[in-house]
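If you read the sequence shown in numbering that gives the first Met the number 0, its first letter stands for residue 0, the second for the next number, and so on. Built from N, CA and C at the ideal position, the CB exists for glycine as well. Below: one structure, written as structure tokens.
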Amino acid sequence: MKRFTFPGGTHPEEHKSITAGKPITEAKASDKVIVPLTQHTGSPAKPIVEKGDRVKIGTKIGELTGFISANVHSPVSGEIEKIDLYLHPGGGEVLSVFIANDGTDKWENSSDRDINSFSAKDIIDIVKEAGIVGLGGAAFPTYVKLSPSRGKSYQTLIMNGSECEPYLTCDVRLMIEKPEEILLGGMLIARAIGVGRCVIAIEENKPDAIREMEKLVRNCGFELAVLKTKYPEGAEKQLIWAITGREVPSEGLPIDVGVCVQNVGTAFAVYEAVRFGKPLIERVVTVTGAVKNPSNFKVRVGTSFKQLIDDAGGYLGEAGKLIAGGPMMGIAQYSDEVPIVKGTTGILIQKKEESIPPLQTPCIRCGRCVDVCPMRLLPTRILAFIENDDFSTAKELGVLDCMECGCCEYVCPARRPL
């Protein structure tokens, strides 16, 4: 079978075997959840509840504002304690809804519907109302992707199951445990955007997921594309190049080349929203690194990192760094009291000795950063202009096309902060 890939990239240590064989387990619901109204790219949702209001699981508590925004729903049943600023894993503080869980797990709405009865517009409306966002990390509102501007259309849907970030295994576990639901979600997305070609792309280091999907793709008209194991194979523009040979233009979007990319977790969320009317209130998160029992958890948004770490047995020794996401593109945290949000793919704890910053030395002009850059930029030259406050030249060299994947810094023998 052909192996698809893109120019550039690198091969960081995977560390996926720590949790790849661990089935998804359901994390205990917190006594209190803190739900940020910013869990997506775009404008924050506005609160539509007040202190003292009673809510159920799935009650809308935040309403989208503007075109690029997303609804937010309660992950528990209980009472609104307050609406206030609170820590966010993306950095800083954002307006958040504090909810005391009453433990009854009563749902706002729950149904079992025929997914074949919905039109393209119905599906987009359901996705919008459910607050679904991209679950690969970027958290871009999904209904926006499904609503291309006038004059533009999609020809190809790519279901992204590459999960190239080291340590993370939430997507591979979902593909192993819920392959049929993922493909049904993909079929709903394909119906919504009117495409004829649908591809599910998985890296070759996930043989169990490939095997599960191989059993099903023939019956639903999907193609299975096996990708070479390379980072960042799952980045949107690189995945499109690998599968279709089309290049998204500088500062352009996938719609410009007729391709829609959706994470497999997003497809699963779309399936649950259309079939059961379930909003996006939970997701799978990998907790790994220096914890006693690394695991894959299905966890409700608003749950603290600390609780999930405790569910994984607690810290193993002295923690040096806490990261939301993986080691390449994740965000370091200064507190484990931050809440899980829709875009949280993993929690990585590094030991103290692993998190010591390397000694930086002068650039030796080896060119490794240029070789691995998936956007074909000149990282060392761009850095030189930025260090000299020459941002206009850095822009001319394509700094705005940088996706901050970290390949250049990973391979740099001088340990430059590229």
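- When rounded, the separation of the alpha-carbon atoms in Ile98 and Val273 is 26 Å.
- The distance from the Cβ of Val93 to that of Pro35 is about 5 Å, consistent with a contact at the 8 Å cut-off.
- Within a 10 Å sphere around the beta-carbon of Gln359 sit fewer than 16 other beta-carbons, which makes this residue exposed.
- For Phe384, the three-state secondary structure derived from DSSP is helix.
- For the pair Cys407 and Cys362, the CB atoms are not nearer than the 8 Å cut-off.
- Taking a C-beta distance under 8 Å as the contact criterion, Cys259 and Phe221 do not qualify as a contact pair.
- Note that the C-beta distance between Ala311 and Pro326 is not below 8 Å.
- Taken in chain order, the whole alpha helix (DSSP H) runs of length 4 or more contained in the segment 135-222 are 141-144, 169-176, 178-192, 206-219.
- Asp170 counts as buried, since at least 16 other C-beta atoms from the protein chains shown sit within 10 angstroms of its C-beta.
- The alpha-carbon of Asp388 is positioned some 32 Å away from that of Ser334.
- DSSP lists Ser95 as the beta-bridge partner residues of Asp83.
- Counting every other CB atom within 10 Å of its CB across the protein chains shown gives Met0 a total below 16, marking it as exposed.
- Within the same chain, and ignoring the five residues on either side of Met186 in sequence, the residues whose Cβ sits closer than 7 Å to its Cβ are Cys219.
- With three or more CB-CB distances shorter than 8 Å, the segment 115-126 counts as touching the segment 139-150.
- Sixteen is the threshold: since fewer than 16 other Cβ atoms of the shown chains lie within 10 Å of the Cβ of Arg53, the residue is exposed.
- In the structure shown, the three-state DSSP call for Arg274 is helix.
- According to DSSP, residue pairing for Gln237 in a beta bridge does not occur.
- DSSP places Leu399 within a helical segment (H, G or I) once states are collapsed to three.
- Counting only unbroken stretches of 3 or more residues, the beta strand (DSSP E) elements lying wholly within the segment 320-394 are 330-332, 345-350, in sequence order.
- Spanning the alpha carbons of Gln332 and Gln38 requires a straight line of approximately 16 Å.
- Between the C-alpha atoms of Val256 and Glu80 there is a straight-line separation of about 47 Å.
- With respect to Ala26, Lys297 sits close: the two C-beta atoms are nearer than 8 Å.
- In the three-state reduction of the DSSP assignment, Leu226 falls in the strand class, which pools E and B.
- When DSSP reads this structure, Ile56 sits in a beta bridge with Trp106.
- Here Gly244 carries a coil assignment [DSSP, helix/strand/coil].
- Secondary structure at Ala318: strand, using DSSP grouped into helix, strand and coil.
- Nearest neighbour of Glu213 by Cα position, chosen from Ala234, Ile175, Pro248, Ile188, turns out to be Ile175.
- By DSSP's assignment, Gly288 forms a beta bridge with Ile348.
- Its Cα nearest to that of Ile322, the residue Pro165 stands out among Pro165, Pro378, Leu279.
- The criterion of a C-beta distance shorter than 8 Å is satisfied by Met158 and Ala266.
- For Lys297, the uninterrupted beta strand (DSSP E) segment begins and ends at 294-299.
- By the neighbour-count criterion, in which 16 or more other beta carbons inside 10 Å mark a residue as buried, Arg299 falls on the buried side.
- Take the alpha-carbon of Phe304 and the one of Glu336: they are about 6 Å apart.
- Beta-bridge partners assigned by DSSP to Thr24: Phe296.
- Its Cα nearest to that of Ala44, the residue Val96 stands out among Val96, Glu395, Pro88.
- Within 10 angstroms of the beta-carbon of Leu86 lie 16 or more other beta-carbons, which makes it buried.
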